[in-house]
Amino acid sequence: MDLLDLMKSSIRAPGRLVNLLTIDELKGIDVDTSGATIGALATLAEIADHPDLARMFPALALAAGHAATPQVRNVATIGGNILQRPRCWYFRMAQYPCLKKGGDTCFAMDGENKYHAIFENSLCAMVHPSNTAVALLALDAVVRTAGSGEIPIRKFFVTPDQDILRESALAEGELVTQLFIPATGARSHYLEFRERQSFDWALVSAAAAAELEGQTLNNARVVLGSVAPIPWRIDLGEIAATDEALDRAADEAVRGATPLAKNKYKVQLARTAIRRSLRELARATE
Amino acid sequence: MARLRLKVGFVGGYEEIEVDVPDDGPVPWDADSKLAVVSKSHPRINAADILTGRARFATDIKRRGMLYAKILRCPYGHAKVGRVTVPDIAGVRHVEKKEGKECFFAGDDVAIVVADTQEIAEEAGRRAEVDYEILPHAVTMEDAIEGPGVFRGGNRMRAQTRDEGDVDQGLKEAAVVLERTYKTQAQTHSCLEPHSAVAEFNSGGVTVWTSTQSVQGNREQITEALDLSAGQVRVIAEYVGGGFGSKFGAQSGATVAELSRKLDAPVKLLPDRAEEHAANGNRPPSIQKVKAGIRKDGVVTAWIVDSYGSGGYAGGGGGPANPLKYLYPFTNWRKTHVDVRINGGAALPFRAPGHPQGVFAIESMIDELAARVGMDPLEVRKKNDTSPVRRAQFDAGAKRIGWSRRAQPTGSEQGPLKHGIGMAGATWGGQGGPPAEITAVRHADGTFEFHSGAQDIGTGIRTAIAVIAAEELGVRPADIKVKIGDSDLPYGPGSGGSVTAPSVLPAVREAAHKLKQEIAKQGAGAPGGKITVTGSRPEDFRRYRGGVAGCQFAEVEVDTETGMVRVLKVVAVQDCGRIVNRLTAESQIQGGVLQGISYALFEERVLDRQKGAMLNADFLNYKILGPRDTPDIDVVLFEVSNAGNTVGLLGLGEPPTVPTAAAVANAVANAIGARIYELPITPDKVLGALNKI
């Protein structure tokens, strides 16, 4: 969780803090033939620079490498990254008692919503801020916790409809210990579009994964980031790796978008992100 | 007086002029002067201090028994302050409340808390409870212009009109007439060092360490604010972490000085980033409606601009069309400007006030007019711009950027990435002038020391003083000790209008010259006793040409499927009179270009229309360009010998940020065949212009 940021903006004021950084069991990255086991305290820099992850799960390494700045990546952990609270500016400012803070309105609906959600945004228009969550969802990761055991990442993120006050399925006091990514041989890729190339949030990001067989992508899926309150997964099944088919799929995937007054452009970005990330899977050769 | 012939001008356009100079003064440097130190590259003489942290900024100052002040600020765009309750936390020493005050912007001060530590002051501020009566607000100029009155006396201030010639006749003569509306955003100064201050009273008066662009101006303001007598206030700003125009006022210094007097202890004020963004200055936003006509031969026949600007709640938006008249001396023009009050933080002077916004509109329109009459926009500029310096710069810049590549039809490239080249011209004053005083000392051990009450806000004036002194004395810049940034030192100007160097350096040369004469009088041989002389900035004796000319060329890459713009290269051709220190001159221009690109593509104060607060008062969502957004910058120092004074330099702080945004906007239009009329040029606007949303 981005606890320091939350404390700075007066959203959390804990009386006591427990330092997890001393727990070695939560650190490290292990990769074997079954997949990758990543400690919750592995830093984004360690993930971005890990040669086995870059080879087997490029989407994750790329997503971690795109986050924040080199300084932040050196200290930010993957566990903290996927558990960030909304970066919505109305959420972060005390004078806006929004739904996520127990209030009764979403100020983004009629406000400055350029950076907000274009899917699943009827109640709260936050976008999930984690880059790595987007990749982990595309890679069918499993979240291991010191509470309930294992949570498939598909069930880990919670929409505002399901629970307006939180973004993950973690119970109070439950701790993420590891992330496991199964080795399936799928290709993957990650990209993001943003206003600024240094230190910026994605306007739209995309992680794509699929198995390539000849000119066909099997079990193809794209997860979009910064478009919905959760990483937004689109399953495409079997799809021909041609520009026409990918364009059609991209158009189809964004058809259900419900953009707000100032973020219609995100639909175009989402379309492009889907197309380009899938095209990259088809193009990539060992 | 002696009459001298001086060679002035620039490569390709020299002439000789006669000037009268005092018999015993230094001989003015002209185009033929062979100088050993001046115009070379010199690292800042204090670079090691800055890099190692030895340099002390106001923010670094700590005094024994120091207390910390924190300002509580209104979170709403317009509200009346009711009851203020500050919790009784251990360590809180003093509270001042402004109950009953009408706050006109989110960030207006409501109370001040003074405590033993910064943390306690902040904690008390966070936990304070304030009752507000929320009042109607308008945070956009559109809302203020069209909506109900929020301010007594109305949201709109009186229109100011100026004109020349006959615009109606001009429009009749035009082959093409275009009407366009341009909008620019509010940009905050974002100085890395906030408006910090520390004050300490003692029996003789008060010493104030503060981050300011004018130590002596601050001294006068603080003396008056506290009703003290001359000589009782000393203001020190040995190092300043950026100002850009926002640090002339003594608000921070006067606040801590008053508190220190009241509490009989040193007091520090360290505003946070949110306060800096919301309350400590900005470049005012503008709306500019331009109607202009052009003949088939490229001569502009009429120019009408109706502009609005907003300096926030305080009014005084600054005319965005400022540079119109002296960038292009059109025959027929009219400009009408209306200041609009909105519920936002007050604007403050910001690096070439009015100019980047004005030039964005002017140079965007010139490009569009050129396209309509089928002419190269550079040719149209040459037809209308009478500055011989800039006309020569156009050719220099065009060559460096490869302007001829621009001939390929817009959008003809395969694939989604399109490249474009654009340019814009700029002008500025920056001649400087008296008064400026220097004390120069030759110590008994033979070392030199120069004193000036000016301050270095990052431009490198400290080193420039050493460079001029070294040239005159025949030593190295590192041999000169320079003391500045202290109001007790001889008079130095506030650092605004790009006048610090052109005001101070001729006085430095004068002082060095006198020192040299005094040393000569003592005769050659071993150094004698301490010698102290003073030098003053003389009046300009003759100026070759007024104004600082410049132009910039930008090359961009636009992704037409995402709207993302990347600036690949900027060629910045800049007249700076005589170059004093090539290294810091180039650095100054690079900084101007970077700030200009940041303005063109990223920076924007976002005010919320619902409650009036600034939503991005941080460095996460208030976006300033970073390393990966930084293009190749090709600085072309275009030296002009102008014989304005014995050194012959012009100011360089502001001009290089004037044309950047316009050049980038023109390059984007060239790349994609569609024009963005509103800054910053973000992906949503690019996709909108391409009809892709």
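From first to last, the protein sequence lines stand for chains A and B.
Just so we're aligned, residue 87 is where the first sequence starts under this note's numbering, counting upward by one.
Just so we're aligned, residue 259 is where the second sequence starts under this note's numbering, counting upward by one.
Don't be surprised by glycine CBs; every beta carbon is placed ideally from N, CA and C.
Being a predicted model, the structure only gives us computed values, none of them experimental.
Residue 864 of chain B at chain A interface by Cβ criterion, 9 Å: True, the Cβ-Cβ gap to chain A drops below 9 Å.
Inter-residue CB distance, residue 570 of chain B and residue 409 of chain B (contact presumed, cutoff 8 Å): Rounded, the Cβ-Cβ distance is 11 Å, inconsistent with contact.
Residues, ordered as in the chain, of the segment 187-198 of chain A that lie near chain B by beta-carbon distance below 8 Å: Within the segment 187-198 of chain A, the residues whose Cβ lies closer than 8 Å to any Cβ of chain B are, in chain order, 193, 196, 197 and 198.
Top-ranked residue by Cα proximity to residue 942 of chain B, from A/195, A/134 and A/355: Minimum Cα distance to residue 942 of chain B is reached at A/355.
Nearest residue (CA-CA) to residue 667 of chain B, options B/932, B/298 and B/750: Nearest C-alpha to residue 667 of chain B: B/932.
Alpha carbon of residue 495 of chain B to alpha carbon of residue 516 of chain B, nearest angstrom: If you take the alpha carbons of residue 495 of chain B and residue 516 of chain B, they lie about 19 Å apart.
Residue environment, residue 872 of chain B, which counts as buried when at least 16 other CB atoms sit within 10 Å: Only buried fits residue 872 of chain B, as 16 or more other CB atoms lie within 10 angstroms of its CB.
Chain B contact for residue 272 of chain A (CB, 9 Å cutoff): No, residue 272 of chain A lies away from the interface with chain B (no Cβ there is under 9 Å from its Cβ).
Interface residues of chain B facing residue 39 of chain A [CB-CB closer than 7 Å]: Residue 39 of chain A is absent from the structure shown; chain A starts at 87 and stops at 372.
Interfacial residues, the segment 284-306 of chain A to chain B, with Cβ spacing under 7 Å: So the close ones are 284, 285, 286 and 289.
Simplified DSSP state of residue 202 of chain A, which is helix, strand or coil: Residue state, collapsed to three classes: coil.
Minimum C-alpha distance to residue 821 of chain B - residue among B/884, B/944, B/833 and B/935: For residue 821 of chain B, the nearest C-alpha among the options comes from B/944.
Residue from B/673, B/291 and B/393 whose Cα sits closest to the Cα of residue 361 of chain B: Looking at the Cα atoms, B/393 is the closest of the given residues.
Own chain residues within Cβ distance below 6 Å of residue 425 of chain B, not counting five before or after: Around residue 425 of chain B: 560, 562, 590 and 592.
The segment 807-819 of chain B / the segment 634-648 of chain B touching (three or more Cβ pairs under 8 Å): Enough Cβ pairs lie closer than 8 Å, so yes.
Euclidean distance between Cα positions of residue 771 of chain B and residue 731 of chain B: Distance between the alpha carbons of residue 771 of chain B and residue 731 of chain B is about 7 Å.
Runs of alpha helix (DSSP H) lying entirely within the segment 579-619 of chain B, each at least 4 residues, in chain order: Correct list: 582-585.
Environment of residue 503 of chain B [buried if 16+ CB atoms lie within 10 Å]: Classification for residue 503 of chain B: buried.
Rounded C-alpha distance that separates residue 372 of chain A from residue 878 of chain B: No answer about residue 372 of chain A holds up, because its pLDDT of 44 lies below 50 and its placement is not dependable.
Contacting positions in the segment 872-897 of chain B - beta carbon closer than 7 Å to chain A: Residues of the segment 872-897 of chain B that bring their beta carbon within less than 7 Å of a beta carbon in chain A comprise 873, 874, 879, 881, 883, 884, 885, 886 and 887, in sequence order.
Residue 285 of chain B versus residue 277 of chain B - alpha carbon distance: A direct Cα-Cα distance of roughly 10 Å separates residue 285 of chain B from residue 277 of chain B.
Through-space distance from residue 947 of chain B to residue 852 of chain B, alpha-carbon basis: So the alpha carbons of these two residues sit roughly 25 Å apart.
Residues within the segment 373-394 of chain B neighbouring chain A, beta-carbon criterion of under 7 Å: Those would be 384, in chain order.
According to DSSP, residues forming a beta bridge with residue 238 of chain A: For residue 238 of chain A, which the question treats as bridged, DSSP gives the partners A/228.
Touch test, the segment 222-236 of chain A against the segment 258-278 of chain A, Cβ-Cβ under 8 Å, three pairs minimum: Flag = yes, the segment 222-236 of chain A and the segment 258-278 of chain A touch.
Helix, strand or coil at residue 631 of chain B [DSSP, three-state]: In the structure shown, residue 631 of chain B adopts coil according to DSSP, grouped into three states.
Contact set between residue 282 of chain A and chain B, taken where Cβ atoms lie within less than 7 Å: Neighbours of residue 282 of chain A on chain B, chain order: 860, 881, 883, 884 and 887.
Beta carbon of residue 761 of chain B nearer than 9 Å to that of residue 743 of chain B: Judged by their CB atoms, residue 761 of chain B and residue 743 of chain B are not nearer to each other than the 9 Å cut-off.
Same chain only: Cβ atoms within 6 Å of residue 619 of chain B, ignoring 5 sequence neighbours per side: Excluding five sequence positions before and after residue 619 of chain B, the CB atoms of its chain that fall closer than 6 Å to its own CB belong to 440, 546 and 548, given in chain order.
Interface flag, residue 242 of chain A vs chain B, CB-CB below 9 Å: For residue 242 of chain A, the answer is no, since every Cβ of chain B falls outside 9 Å of its Cβ.
Run of the alpha helix (DSSP H) containing residue 440 of chain B, from where it starts to where it stops: Counting along the chain, residue 440 of chain B falls outside any alpha helix (DSSP H), though it belongs to the beta strand (DSSP E) covering 434-442.
Chain A within 9 Å of residue 940 of chain B, Cβ atoms only: Yes, contact with chain A.
Beta-carbon spacing of residue 920 of chain B, residue 688 of chain B below 9 Å: Residue 920 of chain B places its beta carbon 9 Å or farther from that of residue 688 of chain B.
The segment 371-378 of chain B contacting the segment 349-361 of chain B, beta-carbon criterion three pairs below 8 Å: The segment 371-378 of chain B, when compared against the segment 349-361 of chain B, does touch it at the 8 Å Cβ threshold.
Reference residue 437 of chain B, options B/404, B/623, B/524 and B/601, closest by Cα: In terms of Cα proximity to residue 437 of chain B, the closest of B/404, B/623, B/524 and B/601 is B/623.
Other residues of its chain near residue 150 of chain A: CB distance less than 6 Å, five sequence neighbours each side excluded: Same-chain partners within the cutoff: 130, 133, 134 and 218.
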